[in-house]
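Asks: Chains A and B, in that order, give the protein sequences.
Each position in the first sequence, counted from 1, maps to that position plus 35 in the working numbering.
Each position in the second sequence, counted from 1, maps to that position plus 6 in the working numbering.
Structure provided below as structure tokens; questions to follow.
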Amino acid sequence: MAAALGGMVMNAACVSSSIRSDTDRVRELSRMEHLADVPESEVDPVSSPEVGAMLSKPLTAKSAVKLALLNNRELRAKLRMMGVSRGRLKQAGLLPNPEAEIELLPEQDSDIELRLEYDITGALLAPMRSRAFEPALDAARYETAIAVVELGYMVRVQFYRVQAQEARLAIAQQMLDAYAAGREAAIALRKAGNVRELDLAQHEVAYEKARILVAELELGRMNAREALHRLLGLYGPETAWSVQGYLDPVPAGTVSVPEHIETQALKHSLELTQRRHELESLARRAGVKDTAGWLPDVAVDVHALKSDAESTPVRESWRFGAGVRFSVPIFDRSQGEVLELESKFSAQLERYYGLAVDVRSMARQARAELESAHARAAQYLRVIVPAQRRVTDQVMLQYNAMQVGVFDVLRASRERLQVELDSVDAQLAYWKAHAALRALLAGVAVAQPSEEVATSVSFSDERVEEH
Amino acid sequence: MDRRRFIKAGSMLAAGAVLTKSTLARAQDEAGGPEPLGDRDAAEGVPSRAPRITNEQPHVLTPNGATLPLRTVGNVRVGHLIASSFEHEFAPGLKAQCWGYNHRTPGPTLEAVEGERLRIYVTNRLSEPTTVHWHGVILPNGMDGVAGLTQRAIPPGETFMYEFTARYPGTFMYHPHFDEMTQIALGMTGMIVVHPRRARGPRVQRDFVLMTHEWRLDVGARRPDPLEMTDFNVLTFNSRTFPGTEPLLMGRGERVRIRFGNLSPMSHHPIHLHGMSFATTATDGGYIPRSAQVPNTTVLVPVGSTRVIEFVPEQSGDWAMHCHMTHHVMTQMGHGIPNMIGTQTSDLDTRMRRIEPRYMTMAQDGMGSMGEMKMPIPKNSLPMRGGPGPFGNIDMGGMFTILKVRDSPMKGTGLWYSHPQGTVAGPADASQMRADGIETT
Ligand SMILES: [Cu+2]
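Here it is as structure tokens:
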């Protein structure tokens, strides 16, 4: 009995180790070395001093992820929530307390009765319960690791969106310049008496419409930054950061996707492992219930009785006794609770296999998305944009030869800028797919969100050019 | 050989000439015309006698062109026309894949004497059938060359024989009568000159033929577009556009004949001569009686017609001759651009350079200086008018050429006419203006 108790105490001590060890494990699982420890006790509303230093330099995708790991409050909350599972584990391993009872019985021939009772079955089951909650703690750690990887993915995607919005806005500014130049040309022609009021009016409309696009993109850029601020946990003066250039060009050559991507995804899947731990925990809890159901509920008690001195002939006033109380598990062997847990287990197991199917599918999808996005982005970068530039070059030669006029030059410029806008969208699609594959190989199959950004200014301005 | 000497009227002193070898001279060299101007011997001047076809009449000259060689077999004059595709130069810097006869457009001039029996073999090396119609010549119906109507078209690779007698003297033309729209537009034209057995009217010393034509050749393209119906941008004399046109050399006091033909798809050409008054003496229908000849300085040459003019140059000099339709004296200048004249464009230029640094507003002051602009333009194009002249850029293109009237013998004047002192317009003298009562502010 003493040995058993000793083991239980050891167990409890082991459970009580700090949140630091959980964070270490999450760091290991998510392979995010920059994941910061949250302080044991206090919650500080101010960002860590490291944040300011990182924001003073232009942000990169890498430094943005680092910032998020340091500063994202939801992630910090999740790290702290691992304490909940740890607490449950701890609680499950605790020995039941002895129960004491003191009775004063003046109407009988004793003055006082002391009774001490101990739930033997509970004490015997404690290590088993504790073992049942161990996988739950592991599952919590995996869950947190998943959150870390997901956050990394979301931060990357949002960072790329910010870069894309910067690029779109810069291109749109040029587009606006092109419309402004069209208006300038119309004004100059109108002042010289060479075109009609109608022609000028049409160019003015075209210009004013183009301003809307720029205004929309300005808002889009701000929204993209704000979404990133939320992920990075930034506010106040911390929001005045700049980004490093525009989106990197997609790598040359064919895109490299690891071989056997499905196997890789299954092997690295944090989600599947987490589910396995959950299943394990359920199984063990069902086992505990089952065992507990078969065990008689045994409690032993010792009691002491002190007699009334006047009524008792004997000098010895304290008398001692012992007893045992047990239930006979004939009817209730917790069959219902066992069934409940077993059903939960089976249901979870179905989901586990379902998840494996999903992971395989998402691995294939991630590869397809990446390869397609790469091909499209490369097509823009290395074929369409240069081809469109060649069009502009030829239009300039034709302009010099007076075969086409200023409005044709502007139209060619706008077509070139529109292709550059489309190219930005294609580059963004690639980097998003890239981030998704990265998350997949880090163990999380993410659902890739689609973009909804209006960057086309292809409102009909054909009429404007003809006069 | 005589003609060769005649043409040496250019200059040994051409080194000092303003027309450089890279422009006019090379242009004519490559056109397969007579000798390049740069090789000419100025000291010789204009010869007193041109080569003669009959005792009284000189051979015709086709500037930038050639005369079809004819061989005498028995009592028949035999020639051979080969229709094919080839690269033709309109002027230096502007070439295109054209169709024509014996690798030239217009084809070689067919020159005969009234009453001669002609046997012309026509070989078709085109990608489609063709025929030759002898425009204006009175001949047996089966020799008229109208595909489907008077003969089967000549299939590619085959040779047909035409034989007829040149019964009437005159100025005629030849061209296909199968898919005319395409074949004529691509250059298949030629002149026919039938000299009278005995000269009619005053004898001439110089006899030139010029075929007028119009083409659509997009700037930077390499083949004329036969589908064009209205907007022609290359206008030519003998399929050459200024400064690729060879000047017409003549002596002062000589009687000169110019025979114009017009096989343009759509346009008539009012050809105007500077420094001359002439009479129209014949059409493709025959001679105009002297009593009906009206003096003129411009002759309208309608599509599908010939006009023959004669004149005696009275003043030496370099005299312009050109179509008077102003858009016909330009080459490939664009017409699809906004009218920029009079615009103030400094704001526009500033903004445009932010979008397109190579941009510069043009033509806001007028378009006269376009020929001298040195901006990159598409390869194989001649969008700017003009060529170099003795007083600067000659601001003309297209159907423009020069009549070079010289005293005989020339006195070492070089290629360009050397004006006697005080006979060239120049800046006015202020004191003389005041003396003449012209106030300037
Ligand atoms: Cu004309």
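In this text, a Cβ means the ideal position worked out from N, Cα and C, and glycines have one as well.
#1: I think Gly342/B touches Gln438/A, with their Cβ atoms under 8 angstroms apart; what is that distance to the nearest whole Å?
#2: Please check if any C-beta of chain A sits within less than 9 angstroms of the C-beta of Asn345/B.
#3: Please work out which residues of its chain come closer than 6 angstroms, Cβ to Cβ, to Ala127/A, disregarding the five sequence neighbours upstream and downstream, and give them in chain order.
#4: So within the region 97 to 181 of chain B, which uninterrupted alpha helix (DSSP H) runs reach at least 4 residues, ignoring any that extend past its ends?
#5: Can you tell me the Cβ-Cβ gap for Glu317/A and Phe380/A, rounded? I've got them flagged as a contact below 8 angstroms.
#6: Indicate whether at least one CB of chain B lies closer than 9 angstroms to the CB of Met437/A.
#7: Taking CB distances under 9 angstroms as the criterion, tell me whether Leu155/B reaches chain A.
#8: For the region 217 to 236 of chain B, which residues have a beta carbon sitting closer than 9 angstroms to at least one beta carbon of chain A?
#9: Here's the rule: buried if 16 or more other CB atoms are within 10 angstroms of the residue's CB, otherwise exposed. What is Thr286/B?
#10: Per the contact definition of three or more C-beta pairs closer than 8 angstroms, is the region 467 to 482 of chain A in contact with the region 392 to 404 of chain A?
#11: Do you know offhand how far Arg209/B's Cα is from Asn302/B's?
#12: Taking Leu241/B as the query, report the chain A residues whose CB atoms sit under 8 angstroms from its CB, ordered along the chain.
#13: In chain B, which residues lie with their C-beta within 9 angstroms of the C-beta of Glu239/A?
#14: For the region 463 to 479 of chain A against the region 186 to 205 of chain A, do three or more pairs of beta-carbon atoms, one drawn from each stretch, fall closer than 8 angstroms, so that the two count as touching?
#15: In chain order, what residues of the same chain lie with their CB nearer than 7 angstroms to the CB of Glu134/B, ignoring the 5 residues before and after it?
#16: Is Met272/B near ligand 2 - that is, is its Cβ less than 8 angstroms away from at least one heavy atom of it?
#17: Using a cut-off of 7 angstroms between C-beta atoms, extract the partners of Pro146/B located in chain A.
#18: Quick check: does the Cβ of Met331/B come within less than 8 angstroms of any heavy atom belonging to ligand 1?
#19: With distances taken between CB atoms, is the gap from Met210/A to Gln423/A smaller than 9 angstroms?
#20: Looking at Pro319/B: is its Cβ nearer than 9 angstroms to the Cβ of Gly281/B?
#21: For Leu43/B and Thr351/B, I'd like the C-alpha separation in whole angstroms.
#22: Going by CA-CA distance only, name the one from Pro384/B, Gly207/B and Pro433/B that's closest to Gln299/B.
#23: Short check: CB of Thr429/B to CB of Phe96/B, under 9 angstroms?
#24: Compare the Cα-Cα distances from Met256/B to each of Gly323/B, Glu120/B and Gln103/B and report the closest residue.
#25: State yes or no: is the C-beta of Val335/A within less than 9 angstroms of the C-beta of Glu152/A?
#26: My assumption, with CB atoms under 8 angstroms, is that Gly176/B sits in contact with Tyr107/B. Please give the rounded CB distance.
#27: Could you spell out the range, first to last residue, of the alpha helix (DSSP H) harbouring Thr195/B?
#28: Is the CB-CB distance between Glu372/A and Gly322/A below 9 angstroms?
#29: Terminal residues of the continuous alpha helix (DSSP H) containing Thr308/A?
#30: Do the CB positions of Pro249/B and Ile400/B come within less than 9 angstroms of each other?
#31: Tell me where the beta strand (DSSP E) around Ile383/B begins and ends.
#32: In or out: Trp276/A buried (at least 16 other Cβ within 10 Å) or exposed?
#33: Mark Asn107/A as exposed unless 16 or more other C-beta atoms lie within 10 angstroms of its C-beta, in which case mark it buried.
#34: Anything in chain A within Cβ reach of Ala369/B, meaning under 9 angstroms, just list it in chain order.
#35: If we count the other Cβ atoms within 10 Å of its Cβ and call it buried at 16 or more, is Glu136/A buried or exposed?
#36: With a cut-off of 8 angstroms on the beta carbons, I'd call Gly404/B and Thr247/B a contact; round off their distance for me.
Replies: By the coordinates alone:
#1: One-based indexing of the second sequence puts residue 342/B at position 336. One-based indexing of the first sequence puts residue 438/A at position 403. Gly342/B to Gln438/A, Cβ: 7 angstroms. Contact.
#2: Taking the second sequence and counting its residues from 1, one reaches residue 345/B at position 339. At least one chain A Cβ lies under 9 angstroms of Asn345/B.
#3: Taking the first sequence and counting its residues from 1, one reaches residue 127/A at position 92. Arg164, Ser165 and Phe168.
#4: Whole alpha helix (DSSP H) segments, 4+ residues: zero.
#5: Your numbering for residue 317/A matches position 282 in the first sequence. Your numbering for residue 380/A matches position 345 in the first sequence. For the sequence presented, residue 317/A should be read as Leu rather than Glu. Confirmed, Cβ separation roughly 4 angstroms.
#6: As a first step, residue 437/A is located in the first sequence; it is residue number 402 there, counting from the start. Output row for Met437/A: interface = yes.
#7: On the second sequence, position 149 is the one that residue 155/B refers to. So no, Leu155/B is outside the interface.
#8: Contact annotation: in the region 217 to 236 of chain B, residues whose CB is within less than 9 angstroms of a CB in chain A are Asp224, Val225 and Gly226.
#9: Position 280 of the second sequence holds residue 286/B. Thr286/B comes out buried.
#10: Here the region 392 to 404 of chain A makes contact with the region 467 to 482 of chain A; the two share three or more CB pairs at distances below 8 angstroms.
#11: Taking the first residue of the second sequence as position 1, residue 209/B is located at position 203. Taking the first residue of the second sequence as position 1, residue 302/B is located at position 296. One C-alpha to the other measures close to 20 angstroms.
#12: Sequence index remark: in the second sequence, residue 241/B carries index 235 (1-based). Those do not exist, as Leu241/B stays about 17 angstroms from chain A at its closest Cβ, beyond 8 angstroms.
#13: The residue labelled residue 239/A in the question sits at position 204 within the first sequence. Chain B residues near Glu239/A: none, gap ~15 angstroms exceeds 9 angstroms.
#14: The region 463 to 479 of chain A makes contact with the region 186 to 205 of chain A: 3 or more CB pairs, one atom from each, lie closer than 8 angstroms.
#15: Along the second sequence, one-based indexing puts residue 134/B at 128. The residues are Pro162 and Asp185.
#16: As far as ligands go, the structure on display features ligand 1 and does not contain ligand 2.
#17: Numbered from 1 along the second sequence, position 140 holds the residue referred to as residue 146/B. Annotation: Pro146/B has no Cβ neighbours in chain A at a cutoff of 7 angstroms; minimum Cβ distance is about 49 angstroms.
#18: Stepping through the second sequence from its first residue, residue 331/B is reached at position 325. It does: the Cβ of Met331/B is within 8 angstroms (strictly closer) of some heavy atom of ligand 1.
#19: For the purposes of this step, residue 210/A is identified with residue 175 of the first sequence, where counting begins at 1. For the purposes of this step, residue 423/A is identified with residue 388 of the first sequence, where counting begins at 1. The answer is no: Cβ separation not under 9 angstroms.
#20: By 1-based counting over the second sequence, the position of residue 319/B is 313. By 1-based counting over the second sequence, the position of residue 281/B is 275. It is a contact, given that the beta carbons lie within the stated cut-off.
#21: Here residue 43/B refers to the residue found at position 37 of the second sequence. Here residue 351/B refers to the residue found at position 345 of the second sequence. With a pLDDT of only 36 at Leu43/B, under the threshold of 50, the placement of this residue in the model should not be trusted; the figure read from the coordinates follows. Approximately 44 angstroms between the Cα atoms of the pair.
#22: Within the second sequence, residue 299/B is the residue found at index 293, counting from 1. Residue Gly207/B is the option with its Cα nearest to Gln299/B.
#23: Counted from its first residue, the second sequence places residue 429/B at position 423. Counted from its first residue, the second sequence places residue 96/B at position 90. The Cβ atoms of Thr429/B and Phe96/B do not sit closer than 9 angstroms to each other.
#24: Along the second sequence, read from residue 1 onward, the residue named residue 256/B stands at position 250. The shortest C-alpha to C-alpha distance from Met256/B to any of Gly323/B, Glu120/B and Gln103/B is the one to Gly323/B.
#25: Against the first sequence, residue 335/A aligns to sequence position 300. Against the first sequence, residue 152/A aligns to sequence position 117. It is a contact, given that the beta carbons lie within the stated cut-off.
#26: As a position in the second sequence, residue 176/B is number 170, starting the count at 1. As a position in the second sequence, residue 107/B is number 101, starting the count at 1. Their Cβ separation, rounded to whole angstroms, is 20 angstroms, which puts Gly176/B and Tyr107/B out of contact at 8 angstroms.
#27: Within the second sequence, numbered from 1, the residue matching residue 195/B stands at position 189. Annotation for Thr195/B: no alpha helix (DSSP H) segment contains it, and DSSP assigns it neither H nor E.
#28: As a working mapping, residue 372/A is identified with position 337 in the first sequence. As a working mapping, residue 322/A is identified with position 287 in the first sequence. No; because the gap between Cβ atoms is not below 9 angstroms, this pair is not in contact.
#29: If you number the first sequence from 1, residue 308/A lands on position 273. Element bounds for Thr308/A: Leu305 to Trp329.
#30: Here residue 249/B refers to the residue found at position 243 when the second sequence is read from its first residue. Here residue 400/B refers to the residue found at position 394 when the second sequence is read from its first residue. Here Pro249/B is near Ile400/B, since their CB atoms are less than 9 angstroms apart.
#31: In the second sequence, the residue the question calls residue 383/B occupies position 377. Note, Ile383/B: premise wrong, no beta strand (DSSP E); not H, not E.
#32: By one-based count along the first sequence, residue 276/A stands at place 241. When all chains shown are included, Trp276/A counts as buried.
#33: Residue mapping note: residue 107/A aligns to position 72 of the first sequence, counting from 1. That one is buried.
#34: The residue given as residue 369/B occupies position 363 in the second sequence. By Cβ distance, chain A contributes Met437.
#35: For this step, residue 136/A is matched to residue 101 along the first sequence. Counting Cβ neighbours within 10 Å, Glu136/A comes out exposed, since fewer than 16 surround it.
#36: Taking the second sequence and counting its residues from 1, one reaches residue 404/B at position 398. Taking the second sequence and counting its residues from 1, one reaches residue 247/B at position 241. Indeed they touch by this definition, with Cβ atoms about 5 angstroms apart.
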